[in-house]
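Colleague: Handing you this structure, nothing more for now.
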Amino acid sequence: MNLLEKALEYIFLPSCGVCNKLGEGYLCKKCGKELAKYAIYLEKPGENITYKNKEVEKLHIFEYKELVRKLIIGYKFNNKSYLYKTFCEFIVKNKKAFDFVQSYDIIIPVPMHNKKKAKRGYNQSEIIAKELARLAEIKMEKHVLLKTKDNKMQSTLNKEERKNNVKNVYKLINKEKIDNKKILIFDDIYTTGATIEACIEEISKANIKQIGIITLAKD
Ligand SMILES: [Zn+2]
């Protein structure tokens, strides 16, 4: 490490995304323990989604409530984009979750429509997927699944409306990029599963080896 790198490390010393404590990475021990109370990980096999006779592996990191809910809302809507480091650190430190990520070849974030992305400045799922891919040494691919319609936000709709709202909204492109690969789809919050199922339907048009889902939280 040269002097400049040392100086930069000092200036940008990581702090805990939850309590701001310095010196323990992006998630301190205390907050890590607190977050672990909400961890759910792999669903029981019977609860996996079956799609066209193929079982889809499903992993939710947290239950969407209390502290987790507060952090995710801050992350998505209140400019706390730095929290992606904290979420990823939690995943890396939890063997079961990290092994799950590493068992895939490519991670694909649920895409955002260009208009919405321009307004918010970032796609929160893409940032986490990118960091997870880097840490797990797998690939992140954002030019495979497109969102072609700027539809209503799922959170404003009921279960039936959600299904219709995501119909024909996602489109598979460059499908040769995922040929014969194990694909993991990332989304932030899982509620009815309508968004993820619409993505699975598109991804499944390619000749893939396996498909899985990882979400930050299950509502
Ligand atoms: Zn902390």
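To get the working numbering, take the position in the sequence shown, counting from 1, and add 4.
Ideal Cβ positions, reconstructed from N, Cα and C, are used throughout, including at glycine.
1. Grab me the residues of V72's own chain with a C-beta within less than 6 angstroms of its C-beta, minus the 5 sequence neighbours each way, in chain order.
2. Which value, in whole angstroms, describes the spacing of the CA atoms of Y108 and Y174?
3. Going by DSSP, what residues sit across from I110 in a beta bridge?
4. Please work out which residues of its chain come closer than 8 angstroms, Cβ to Cβ, to I44, disregarding the five sequence neighbours upstream and downstream, and give them in chain order.
5. So what does L150 bridge to, in DSSP terms?
6. Buried or exposed: which applies to G125, given that a residue is buried once 16 or more other Cβ atoms fall within 10 Å of its Cβ?
7. Going by the C-beta, is C92 closer than 6 angstroms to any heavy atom of ligand 1?
8. Which residues are close to ligand 1, meaning CB closer than 5 angstroms to any heavy atom, in chain order?
9. Please check the pair T219 and D191, which I expect to be a contact at CB under 8 angstroms, by giving their CB distance rounded to whole angstroms.
10. Would the region 147-159 count as touching the region 175-183 if we require 3 or more Cβ pairs under 8 angstroms?
11. Keeping to the same chain, check which residues put their C-beta closer than 6 angstroms to that of K186; ignore five residues upstream and five downstream.
12. Going by Cα to Cα distance, which pick from K120, I76, K80 is closest to L39?
13. With H, G and I counted as helix, E and B as strand and the rest as coil, what does DSSP make of L31?
14. List the residues that DSSP assigns as beta-bridge partners of S19.
15. Is T196 helix, strand or coil by DSSP?
Modeller: Let me spell this out:
1. Counting only residues of its own chain and dropping the five nearest sequence neighbours on each side, V72 has a CB closer than 6 angstroms to the CB of Y42, F66, A221.
2. For Y108 and Y174, the distance between alpha carbons rounds to 22 angstroms.
3. K143, I187
4. The answer, listed in chain order, is H64, I65, F66, E67, K222.
5. Answer by DSSP bridge pairing, in chain order: K175.
6. exposed
7. no
8. C20, V22, C23, K25, C32, C35
9. 5 angstroms
10. Contact between the region 147-159 and the region 175-183 is present, with at least three C-beta pairs closer than 8 angstroms.
11. Within the same chain, and ignoring the five residues on either side of K186 in sequence, the residues whose Cβ sits closer than 6 angstroms to its Cβ are Y108, D109, K213, Q214.
12. I76
13. Coil at L31, not helix or strand.
14. Among the bridge pairs identified by DSSP, S19 is matched with L26.
15. coil
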